[in-house]
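*Asks:* Starting off with a structure, shown below.
In this note's numbering, the protein residues as written are 197 to 368.
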């Protein structure tokens, strides 16, 4: 992970996280879309990311997917991972996240968001732990506290999950 901040400060911020917000295309996937002859879209998800998400949920850390995309493959993947808070086809991701935080009684400082593109920048600028993937846009990188070593869809989310879980285990 690449960050201009000290490991101590990074772990301090991670230890406060109660909700991890994820984009889909370019974060949970590599950003590629597979189309069949009928025009149906499919995406490839990384099983290591999935295990990281399961570990977060088992540790009592909520996970949400907030994405501009609106396909069944995302919905099915979220169901497989028992992610309760899934928002597809979202134009204003920040308003969506703020509403969820209000419903859950969380402050935005208790949220980590992993995004990779321009529509993630408002979230990245508003959460306590803004994160992006190695192959993100320059705007997302500039708005982020940390850049993962792995690219989107290749284990970047697992990196984030492991870092947050490590910080929680070391705060005790």
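Cβ atoms here follow ideal geometry from the backbone N, Cα and C, with glycine treated the same way.
(1) Helix, strand or coil for residue 272, going by three-state DSSP, please let me know.
(2) Mind checking which residues open and close the alpha helix (DSSP H) that includes residue 291?
(3) Whole angstroms is fine: what's the gap from residue 304's alpha carbon to residue 324's?
(4) Rounding to the nearest angstrom, what Cα-Cα distance links residue 272 and residue 307 in this structure?
(5) Please classify residue 205: does DSSP put it in a helix, a strand, or coil?
(6) Can you give the Cα-Cα distance for residue 263 and residue 338, rounded to whole angstroms?
(7) Can you look up residue 308 in the DSSP assignment and give me helix, strand or coil?
(8) The beta strand (DSSP E) that contains residue 282, what's its start and end?
(9) Can you look up residue 258 in the DSSP assignment and give me helix, strand or coil?
(10) By Cβ distance below 8 Å, which residues in the same chain neighbour residue 347 in space, the five residues on each side in sequence not counted?
(11) Just to confirm the assignment, what range does the alpha helix (DSSP H) spanning residue 320 have?
(12) Where does the unbroken beta strand (DSSP E) through residue 216 begin, and where does it stop?
(13) Consult DSSP for residue 277 and reduce its assignment to one of helix, strand or coil.
(14) Taking the C-alpha atoms as reference points, what is the distance between residue 351 and residue 240?
*Replies:* According to the data block:
(1) As a position in the chain shown, residue 272 is number 76, starting the count at 1. DSSP places residue 272 in helix when its eight states are reduced to three.
(2) Looking up residue 291 in the chain shown gives position 95. Residue range 289-300 is occupied by the alpha helix (DSSP H) that includes residue 291.
(3) Counted from its first residue, the chain shown places residue 304 at position 108. Counted from its first residue, the chain shown places residue 324 at position 128. Their backbone Cα atoms lie some 6 Å apart in a straight line.
(4) Here residue 272 refers to the residue found at position 76 of the chain shown. Here residue 307 refers to the residue found at position 111 of the chain shown. Their backbone Cα atoms lie some 24 Å apart in a straight line.
(5) Here residue 205 refers to the residue found at position 9 when the chain shown is read from its first residue. If DSSP states are grouped into helix, strand and coil, residue 205 belongs with the helices.
(6) As a position in the chain shown, residue 263 is number 67, starting the count at 1. As a position in the chain shown, residue 338 is number 142, starting the count at 1. For residue 263 and residue 338, the distance between alpha carbons rounds to 20 Å.
(7) Position 112 of the chain shown holds residue 308. Residue 308: strand per DSSP, three-state reduction.
(8) One-based indexing of the chain shown puts residue 282 at position 86. Element bounds for residue 282: 281-283.
(9) Mapped onto the chain shown, residue 258 falls at position 62. In the structure shown, residue 258 sits in a strand (DSSP, three-state: E or B).
(10) Within the chain shown, the letter at position 151 stands for residue 347. So the qualifying residues of the chain are 226, 329, 330, 331.
(11) The count along the chain shown starts at 1 and reaches residue 320 at position 124. Run containing residue 320: 317-320, per the alpha helix (DSSP H) assignment.
(12) In the chain shown, the residue the question calls residue 216 occupies position 20. First-last of the beta strand (DSSP E) with residue 216: 215-218.
(13) The residue given as residue 277 occupies position 81 in the chain shown. Coil at residue 277, not helix or strand.
(14) In the chain shown, counting from the first residue as 1, residue 351 sits at position 155. In the chain shown, counting from the first residue as 1, residue 240 sits at position 44. If I take the Cα positions, the gap works out to 12 Å.
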